[in-house]
Amino acid sequence: MPDLDDLYREIILDHYRSPRNSGELASPPAHRVEGFNPLCGDEVVVTLLVEDGKLADIKIGGTGCSISQSSASLMSAAVKGKELEDVQRLIGTFKEMMSIHGSSLGGSTNEGGRAIEDGPAEEAEPIDLSKLGELAALQGVVKFPVRIKCATLSWNTLAQGLEEARTTTS
Ligand code: ZN
């Protein structure tokens with residue numbers, strides 16, 4: 000009988016072995032942002048192109064553990080071509096998924112983090128896992144608090160890149 004955990008593991012391994020949107024966009028015109036998770040040694044390089052209020056293109060580079068790499072791949076597939084508003088919403092939803100359960104485990108989830116906490120919408124809507132598609136595969140990570148930063152690294156880096164893209168747009 001197929002186990003949901005097995006399915007999720009397959010999705011994570013698939014994205015780790017065959018990362019989507021791998022590489023780097025020419026910068027400029029793309030924005031290039033690097034993220035680093037010293038706890039695990041994960042590095043991610045996000046290059047993104049914003050056009051007409053959309054995340055027109057995104058590529059992911061870097062090296063790291065299977066969680067960080069598959070999360071970055073899953074993220075790129077989920078946000079590419081989306082309206083920026085939807086991308087921001089997805090970032091908020093994902094980070095919520097990574098924190099709610101984590102905090103209920105009694106761990107301090109945000110210690111030692113970098114100052115990228117952008118205070119995602121306080122009007123906490125219930126998380127609809129069905130909207131997350133394959134991203135739901137990463138929810139199992141919250142059972143391992145030390146890996147949460149691996150999973151959120153690329154998302155924080157993307158959020159930083161979007162912020163930079165917004166503030167440097169002429
Ligand atoms: Zn890691």
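Residue numbers for the sequence shown follow numbering that gives the first Met the number 0, so the first one is 0 and each next one is one higher.
No residue lacks a Cβ here, since even glycine has one placed at the ideal position from N, Cα and C.
Practice item. Locate the alpha helix (DSSP H) running through Gly160, then write down its first and last residues. Key: In the DSSP assignment, Gly160 falls within the unbroken alpha helix (DSSP H) covering 144-167.
Closest Cα partner of Thr151 within the set Asp85, Glu84, Gln68, Lys130: Gln68
Any non-hydrogen atom of the ligand ZN within 8 Å of Arg146 CB
yes
Look at Gly22 and Val43 and say whether their C-beta atoms are less than 9 Å apart. The answer is no: Cβ separation not under 9 Å.
| Hey, Leu73 and Ile10: beta-carbon distance below 9 Å or not? | yes
State yes or no: is the C-beta of Ile11 nearer than 8 Å to some heavy atom of the ligand ZN?
-> no
Ordered along the chain, which non-local residues of its own chain (more than five positions away) have a Cβ less than 7 Å from that of Pro28? Leu48
Would you check if the distance between the CB atom of Pro58 and the CB atom of Glu82 is smaller than 9 Å? Checking the sequence, you will find Lys at residue 58 rather than Pro. Not a contact, by the Cβ cut-off of 9 Å.
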